[in-house]
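In the working numbering, the protein residues as written are 31 to 300.
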């Protein structure tokens with residue numbers, strides 16, 4: 031495979047054909063990479079999948095203690111507060127994992143990228159598969175916990191839609207930042223810093239106010255709707271569909287942006 035400095039958009043038709051062919055060829059390779067990564071990742075841990083829930087459980091316990099001691103005032107929630115925080119944290123973790131997945135997996139596969147013909151899309155898809163599996167484990171356990179607190183409603187079957195929407199939004203953002211992140215380690219640190227501030231601007235540990243700037247947060251309608259489905263409430267605002275469509279469009283744009291940046295990335299890393 032030869033990478034050149036010649037702009038690929040000079041031949042847009044050829045550029046799109048190559049991109050689609052690479053995407054088609056990535057499925058089988060991504061599955062193999064995913065299985066290999068999964069075995070390696072959990073072989074070196076004693077607690078295994080418990081680490082997927084530990085941050086959410088820890089945050090739920092801390093926030094519940096703070097709320098019970100009236101250190102901060104939290105408005106009343108429809109779910110019991112510990113379950114409210116736990117559900118919010120699990121959904122938030124799915125989103126953050128999706129943001130980090132493209133860059134983390136591409137950085138880990140630097141040698142593979144510069145010395146083989148493996149499509150970069152396969153590496154990214156393997157990361158997305160891992161995010162979805164981790165999200166499925168978290169959501170399954172969340173549903174079991176919810177069943178002990180409140181009766182399960184039929185709307186609970188819609189929660190995977192909310193999780194997929196959060197993952198799509200996260201992957202779109204992460205993939206758009208991946209080209210710069212591959213070249214500069216500062217980008218990964220900035221993502222961590224911004225994610226910390228973003229957490230406090232998202233209704234994860236507190237209910238969404240009736241009005242205010244928090245409604246402009248694209249994560250808010252996805253998280254609020256998913257949490258409402260736990261209670262059996264049909265709460266799918268127009269904002270949910272706007273963010274979902276925006277995430278799909280943004281993902282396509284981010285993918286094409288990465289394809290354009292790919293020759294420069296390989297040249298700099300090589």
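By construction, the Cβ of each residue, glycine as well, lies at the ideal position given by its N, Cα and C atoms.
With a 10 Å radius around its C-beta and 16 neighbouring C-beta atoms as the bar for buried, classify residue i as buried or exposed.
i, result
"residue 108", "exposed"
"residue 197", "buried"
"residue 89", "buried"
"residue 214", "exposed"
"residue 203", "buried"
"residue 270", "buried"
"residue 123", "buried"
"residue 42", "exposed"
"residue 268", "exposed"
"residue 240", "exposed"
"residue 234", "buried"
"residue 128", "buried"
"residue 63", "buried"
"residue 243", "exposed"
"residue 166", "exposed"
"residue 221", "buried"
"residue 292", "buried"
"residue 153", "buried"
"residue 133", "buried"
"residue 275", "exposed"
"residue 193", "buried"
"residue 155", "buried"
Return the CA-CA distance between residue i and residue j, expressed in angstroms with no decimal places.
i, j, result
"residue 260", "residue 232", "18 Å"
"residue 176", "residue 182", "7 Å"
"residue 151", "residue 250", "29 Å"
"residue 17", "residue 189", "The structure shown does not extend to residue 17, since the chain is modelled only from 31 to 300, so the question has no answer here."
"residue 210", "residue 162", "25 Å"
"residue 65", "residue 157", "11 Å"
"residue 114", "residue 57", "37 Å"
"residue 180", "residue 171", "14 Å"
"residue 199", "residue 68", "23 Å"
"residue 169", "residue 257", "11 Å"
"residue 149", "residue 70", "21 Å"
"residue 287", "residue 247", "24 Å"
"residue 52", "residue 125", "26 Å"
"residue 61", "residue 139", "15 Å"
"residue 178", "residue 111", "14 Å"
"residue 191", "residue 147", "34 Å"
"residue 159", "residue 285", "16 Å"
"residue 294", "residue 229", "33 Å"
"residue 245", "residue 141", "42 Å"
"residue 106", "residue 59", "48 Å"
Measure how close the beta-carbons of residue i and residue j come, nearest whole angstrom, since I'm counting them as under 8 Å.
i, j, result
"residue 195", "residue 252", "5 Å"
"residue 289", "residue 49", "5 Å"
"residue 143", "residue 296", "6 Å"
"residue 217", "residue 205", "Contact flag wrong, Cβ pair sits at about 12 Å."
"residue 185", "residue 262", "5 Å"
"residue 46", "residue 137", "The pair is not a contact, with the Cβ atoms about 27 Å apart (cut-off 8 Å)."
"residue 116", "residue 92", "Not quite, the Cβ-Cβ distance comes to about 12 Å (not below 8 Å), so this is no contact."
"residue 254", "residue 278", "Going by Cβ atoms, the distance from residue 254 to residue 278 rounds to 20 Å, so no, they are not a contact pair."
"residue 281", "residue 201", "6 Å"
Which residue comes first and which comes last in the alpha helix (DSSP H) that contains residue i?
i, result
"residue 201", "189-213"
"residue 218", "216-230"
"residue 241", "Run containing residue 241: none; DSSP gives neither H nor E here."
"residue 164", "150-179"
"residue 185", "From DSSP, residue 185 is part of no alpha helix (DSSP H); its letter is neither H nor E."
"residue 281", "268-299"
"residue 118", "111-138"
"residue 252", "249-260"
Give a yes or no on whether the minimum CB-CB distance between residue i and chain C is below 8 Å.
i, result
"residue 92", "No chain C is part of this structure, which consists of one protein chain only."
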